[in-house]
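**Q** Structure provided below as structure tokens; questions to follow.
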Amino acid sequence: MTENFVPGILKEKKLRITNVRNEVLKIFERKNYALSYNDLHEELKNKFDMATIYRTLNTFVENNIIHQVPLDAKTSYYALNNNPDIKESPHKEHVHFVCKKCSHTFCLDEVLLQNIILKKNFKLDSLKIIAEGTCGSCNV
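This is how it looks when you write it as structure tokens:
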């Protein structure tokens, strides 16, 4: 990503450039792994109220800037989309990798998912594949 990514993506999506949007996007760009609301709240050091952060996350999901990572039912995690400019397909299915040492979750867009053949009368709504292991930072 470039240093113009944050204002550029907000302008491209026709979103107002606000302090909270700038700061949240910079955190996602810097961290490069999935973050929960609590992670963001901690990073932002209580600069913004809870509702503002939730609205920002929802706006980013609606505008294909970030996506929700399906890890567990208790906590929502979000990750930066690698192709936020794609309009037709808001988010392609991909593998999420959870590091067992640091607990960070990474998007593995490079892993190709083959077409899934379902039994007759089955309908696939979503696909959630979670890989577990040790990330590059922890594996040194």
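Under numbering that gives the first Met the number 0, residues 0 to 139 are what the sequence shown spells out, in order. Here a beta-carbon is modelled for each residue, glycine too, at the ideal position from N, C-alpha and C.
1. So is L9 buried or exposed if we call it buried at 16+ other beta carbons inside 10 Å?
2. Based on Cα-Cα distance, which residue from N120, D71, C137 lies nearest to K99?
3. What does H95 pair with, by DSSP beta-bridge criteria?
4. With V110 and V94 assumed to form a contact (beta carbons below 8 Å), what rounded beta-carbon distance in angstroms separates them?
5. Going by alpha carbons, who is nearest to D124 out of A130, M49, I115, R29?
6. What's the gap between the Cα of K25 and the Cα of L79?
7. Taking its Cβ as the centre, do 16 or more other Cβ atoms sit within 10 Å of T104, making it buried, or is it exposed?
8. Is L79 helix, strand or coil when you go by DSSP?
**A** On the basis of the supplied data:
1. Taking the first residue of the sequence shown as 1, we reach residue 9 at position 10. Answer is buried; the Cβ neighbour count reaches 16.
2. Stepping through the sequence shown from its first residue, residue 99 is reached at position 100. Measuring from the Cα of K99, the nearest candidate turns out to be C137.
3. Within the sequence shown, residue 95 is the residue found at index 96, counting from 1. Paired residues: C106, I129.
4. Taking the sequence shown and counting its residues from 1, the one referred to as residue 110 is at position 111. Taking the sequence shown and counting its residues from 1, the one referred to as residue 94 is at position 95. Contact holds; Cβ gap of about 4 Å.
5. The residue you call residue 124 lines up with position 125 of the sequence shown. Checked all of A130, M49, I115, R29; the closest Cα to D124 is I115.
6. Taking the first residue of the sequence shown as 1, we reach residue 25 at position 26. Taking the first residue of the sequence shown as 1, we reach residue 79 at position 80. Taking the straight line from one Cα to the other gives about 10 Å.
7. Your numbering for residue 104 matches position 105 in the sequence shown. Flag for T104 reads buried.
8. Against the sequence shown, residue 79 aligns to sequence position 80. DSSP places L79 in strand when its eight states are reduced to three.
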